[in-house]
Amino acid sequence: MKNLVILDFGSNSTRLAVYTQQPTGDWRETLRKKQMTRLAAGMGTDHQLQPEAIERVMTVVRAYQQEYTQLADYRVVAIATAAVRNATNSEALIAPVKEQTGCTIRVLSGEEEARYDFLGVINTLGVRDFVMCDMGGGSFELAVGANRQLLGCASVPWGAVSLSERFGLRDHVAGQQLAQLQRLLSTQLNQFRWLQQGFGKPLVLIGGTNRAVTRYELADMSASNQQLHGVTVAPATVLNLYEQWLGVGIDERRQLLGAEGDRADIILGGLTPVVQLIEQLCPAKVIFSESGVREGLLAELTADAAKKENGK
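Start counting the sequence shown at -10; every next residue gets the next number (my numbering).
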């Protein structure tokens, strides 16, 4: 195998990543694509994937397949996170993906997702002590690391899409709804005793909602061509942007977000937990990471392959 193809079925986006083995034996990402498919949209309290959302995903899968089948010597791995994990009809997506690609989706548990996020960060970002938050569409993952060792991790079953729908955060936000969400988050975060070990440590942010903050900040600094991975900002920057976007309706928010305008209806649902973390943990700085679950999975697969090779 010279090319590892990862199909990543998230709650908000469907992604394609291709990693190609170099002559040195290392793996380098040679293709990355993302389409916003909103798989978690409309799941409701019965946790049913909707036919329209499944068809949006399958349209993207067929397009991705046309690309990766042009590669020589490839292996396809498919993973899914919160939307499929929480769905009572997950087979409604798993079956057509299997039929189309021949690949069975591996549905990650919340703890697996958080652990892969952690591996992705320590293998690409060079940080040793940190708190991590990966904000997805249907869940967010947390981890605390010290000296590159995992102290604790968890997955919270609420994300940018589900929180926005549940608390009416798409357009103008009512104070009562925001207060209810903040109280819910505070109660949940306080249950993770290990999270307090991250007090004062850098906060590493992963996920599309968090990348929207990075892109906005870079554009404001006239540095939009800068790589997002490793960009560092002050915690106050995130808080100020949150307050700015909270104070306007969806149309103005869409204009402010520019290239990330398609997230205008879910950006507040995604950022409110991040703001809660900043206020509770007082991080020294905020670092944005483009590496997460897929990079963590790659690290594990290559480590396993090396063990098998050495065991021969």
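Cβ atoms here follow ideal geometry from the backbone N, Cα and C, with glycine treated the same way.
Remember, predicted model here, so these are calculated numbers, not experimental data.
Within the stretch 276 to 300, the runs of alpha helix (DSSP H) that reach at least 4 residues and sit entirely inside it are, in chain order, 282 to 299. Counting other Cβ atoms within 10 Å of its Cβ, residue 109 reaches 16 or more and is therefore classed as buried. Residue -2 and residue 82 have their C-alpha atoms roughly 10 Å apart. When the Cα atoms are used, residue 256 and residue 295 turn out to be separated by approximately 41 Å. In this structure, residue 119 places its C-beta atom within 7 Å of the C-beta atom of residue 193.
For the pair residue 166 and residue 13, the Cα-to-Cα distance works out to about 54 Å. Annotation for residue 154: no beta strand (DSSP E) segment contains it, though the alpha helix (DSSP H) segment containing it runs 149 to 156.
Comparing C-alpha distances from residue 73 to each of 88, 60, 139, 3 shows the shortest one belongs to 3. The closest CA to that of residue 135, considering only -9, 111, 230, is found on 111.
Among the bridge pairs identified by DSSP, residue 24 is matched with 3. With contact defined as three or more Cβ pairs closer than 8 Å, the stretch 170 to 190 and the stretch 218 to 232 are not in contact. For residue 104, the secondary structure class from DSSP, reduced to helix, strand or coil, is helix. Non-local C-beta neighbours of residue 20 in its own chain, meaning closer than 6 Å and more than five positions away in sequence, comprise 7, ordered along the chain.
Just so you know, the alpha carbons of residue 164 and residue 170 end up roughly 10 Å apart.
Setting aside the 5 residues that flank it on each side, residue 148 is surrounded in the same chain by 0, 1, 29, 71, 124, 125, 126, 127, 128, 129, 258, 259, each with a C-beta closer than 8 Å to its C-beta; the list follows chain order.
By a beta-carbon distance limit of 8 Å, residue 221 contacts residue 274. Their separation comes to about 5 Å.
In terms of CA proximity to residue 98, 282 leads the group 122, 282, 50, 133. Annotation: the stretch 131 to 205 contains the following complete segments of the alpha helix (DSSP H) (minimum length 4 residues), in chain order: 149 to 156, 164 to 178. Spatial neighbours of residue 46 in its own chain (CB-CB distance under 6 Å, excluding positions within 5 residues in sequence) are listed in chain order as 3, 26, 28. Here the alpha carbon of residue -6 sits roughly 13 Å from the alpha carbon of residue 291. Counting only residues of its own chain and dropping the five nearest sequence neighbours on each side, residue 264 has a CB closer than 8 Å to the CB of 227, 228, 231. For residue 16, the pairing in a beta bridge is given by DSSP as 10.
The C-alpha of residue 297 lies about 29 Å from the C-alpha of residue 132.
Boundaries of the beta strand (DSSP E) harbouring residue 120: 119 to 124, taken from the DSSP string. Boundaries of the beta strand (DSSP E) harbouring residue -4: -8 to -2, taken from the DSSP string. Within the DSSP bridge table, the entry for residue 95 names 68 as partners.
Residues of the same chain with a CB within less than 8 Å of the CB of residue 87, apart from the 5 flanking positions on each side, are 93, 94 in chain order. DSSP places residue 221 in the strand class (E or B) of the three-state scheme. Buried is the label assigned to residue 75, since at least 16 other Cβ atoms lie within 10 Å of its Cβ. If you draw a 10 Å sphere on the C-beta of residue 189, you find fewer than 16 other C-beta atoms in it, and that means exposed.
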